[in-house]
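Heads up: the sequence shown begins at 375 in my numbering, then just goes up one per residue.
Each residue gets a CB set at the ideal place from its N, CA and C atoms; glycine is no exception.
To keep things clear, I will list the structure first and then write my remarks on it.
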Amino acid sequence: MPSSTANLSKRGEVFATPTRKMPMLDVVNDLWHPETNPNGCISLGVAENTLMHKELIEHITKNFPIDLGYRVEAKIVGVSFGDIDPFGIETVTAYEKAIQEAERQGIHVKVFLLCNPHNPLAENYRRTTKFLMDHHIPYKEGSNAGLFVWADLFQPVRGQIDVALRSQKEQGEYPDQYLKTLEGRLQETLLKHKIFLAIGADFGSDVPGWFRIVFAHEKTYLTLGLERTVKAIEAFCRALEGDKR
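See below:
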């Protein structure tokens with residue numbers, strides 16, 4: 375019998391393996407419906423305004439790649455700003471450090487991607503917008519809409535996490551790696567409870583535990599999603615308690 379990947383390219387075979395499968399693929403194949411699939415997945419992780427689907431359907435762009443590396447295998451060098459205003463002049467130092475670190479790793483930076491205004495929060499570089507206003511050059515204000523909130527889902531279980539971190543330090547383990555592992559476990563718990571939230575790690579978040587919750591949904595759908603989220607966090611809390619035993 376021929377292999378199921380016989381007609382795939384080498385890159386296709388890589389992404390066809392279970393270890394490279396994105397959780398979102400399972401979600402879209404099992405979406406909730408009040409009548410035909412009441413136990414399906416609730417998706418509050420996709421940055422879309424479902425309340426305006428009918429109005430926007432003609433403008434939806436299909437098959438947009440979610441990662442620059444999928445087609446050309448480009449390596450992405452993220453820049454961490456910490457407490458620095460991402461739109462302040464101080465970010466230049468952060469960019470320089472990131473480039474220097476990349477070069478030390480043998481990565482030659484060829485492209486610099488700068489989002490202005492920011493999508494989806496519509497923040498902008500005030501020096502740029504002031505120049506445009508001073509010279510009466512029109513530009514689109516507020517062109518992006520923040521239809522979601524970022525939530526620290528570690529906060530309700532912070533006590534249990536702090537206890538676990540102290541134990542990890544005593545054993546000589548790396549706390550940062552442990553937090554990332556916990557973030558992955560929380561995402562798995564959410565998915566088991568049939569609720570999908572976008573994990574911060576997919577957006578380059580420096581701090582584990584943050585998830586994106588999109589609220590531009592019909593009220594019944596949103597309420598059910600939030601209820602499942604609460605139940606998932608409670609289950610995650612019980613699992614952490616079990617780790618201590």
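Asked, Found
"Beta-carbon proximity check, Ala575 vs Glu557, cutoff 8 Å", "yes"
"C-beta atoms of Ala476 and Val588 nearer than 8 Å", "no"
"Separation of Ser541 from Pro439, as counted between CA atoms", "Its pLDDT being 47, under 50, Pro439 is placed unreliably in this model, and the value from its coordinates should be taken loosely. Straight-line Cα distance between these residues: approximately 41 Å."
"Span separating the alpha-carbon of Phe585 from that of Leu571", "6 Å"
"DSSP three-state assignment for Ser383, whether helix, strand or coil", "coil"
"Top-ranked residue by Cα proximity to Asp536, from Phe522, Trp524, Leu553", "Leu553"
"C-beta neighbour in chain B for Leu488, strict 8 Å", "Annotation note: the requested chain B is absent from the structure, which comprises a single protein chain."
"Three-state class that DSSP yields for Ser541 in the structure shown", "helix"
"Reference Leu425, options Gln474, Gly599, Leu521, Lys384, closest by Cα", "Leu521"
"Extent of the continuous beta strand (DSSP E) to which Val523 belongs", "522-526"
"Outcome for Phe577 when other beta-carbon atoms lying within 10 angstroms are tallied against a minimum of 16", "exposed"
"Unbroken beta strand (DSSP E) run spanning Val588, endpoints", "584-588"
"Inter-residue Cα distance where the pair is Phe455 and Lys504", "23 Å"
"Residues bridged to His407 [DSSP beta-bridge criterion]", "Asn411"
"Residue from Asp550, Leu565, His427 with nearest C-alpha to Ser579", "Asp550"
"Cross-strand partners of Ala572 (DSSP beta bridge)", "Arg586"
"The alpha helix (DSSP H) enclosing Asp550, as first and last residue numbers", "549-566"
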